[in-house]
Structure formats: C-alpha cells, structure tokens
Amino acid sequence: MNEKDFNWIKSTELDESGLQSAYDIIDVLILYLSVANNPDLPDNLRAFFNEMVESYLEHNHTSLEEIYEKHFRE
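This is the structure in structure tokens:
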C-alpha cells in the first residue's frame, strides 16, 4: 500500500465523537500490545511493542492503569 491509498482518511472529517472513538480504539490497542508482549515472541517484536507502548504513554502523559480504568472500570 502506498500513501495515496490512505487519502480518504486525510479527507474524512471526524466530529468530536468520531475522534474520541478513534482515540478509544488506540487506547485499547495499546493495552492489547502491552498484554501481547509475552516471552514467546521474538526479541525484535517484543522490543517494537515495548517501544510503541512506551512512546504512546509518554506522548499522552498517561499510564496503562489510567487507560484500563478509563475503558473498563467506567
């Protein structure tokens, strides 16, 4: 796939609820990646998952616990 395959995403206007839904999906994916990071995975894949999760948490000033509470305790 190349960049033009994703042009519809760039031109799509999201309202606040749509944007929040997208962020919610990303939050849940981050939780999944943190759980999927098991010792049976190859080292390079585990390192990639760890880096992705840590980068997301740092960028959004949050933690896995906060994300879990937000989506599964409300």
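Sequential numbering from 12 applies to the sequence shown in the working numbering. Just so you know, even glycine gets a beta-carbon here, dropped at the ideal spot from N, CA and C.
Host alpha helix (DSSP H) of residue i (start-end)
i: residue 55; result: 54-70
Contact check, residue i vs residue j, beta carbons under 8 angstroms
i: residue 78; j: residue 40; result: no
i: residue 81; j: residue 38; result: yes
For residue j and residue i, the rounded distance between their alpha carbons
i: residue 3; j: residue 36; result: Only positions 12 to 85 of the chain appear in this structure, which leaves residue 3 out of reach.
i: residue 74; j: residue 68; result: 6 angstroms
i: residue 53; j: residue 65; result: 18 angstroms
i: residue 63; j: residue 84; result: 24 angstroms
i: residue 12; j: residue 76; result: Because the pLDDT at residue 12 is just 48, under 50, the model does not fix this residue reliably, and the value given afterwards should be weighed accordingly. The alpha-carbon atoms of residue 12 and residue 76 are separated by roughly 35 angstroms.
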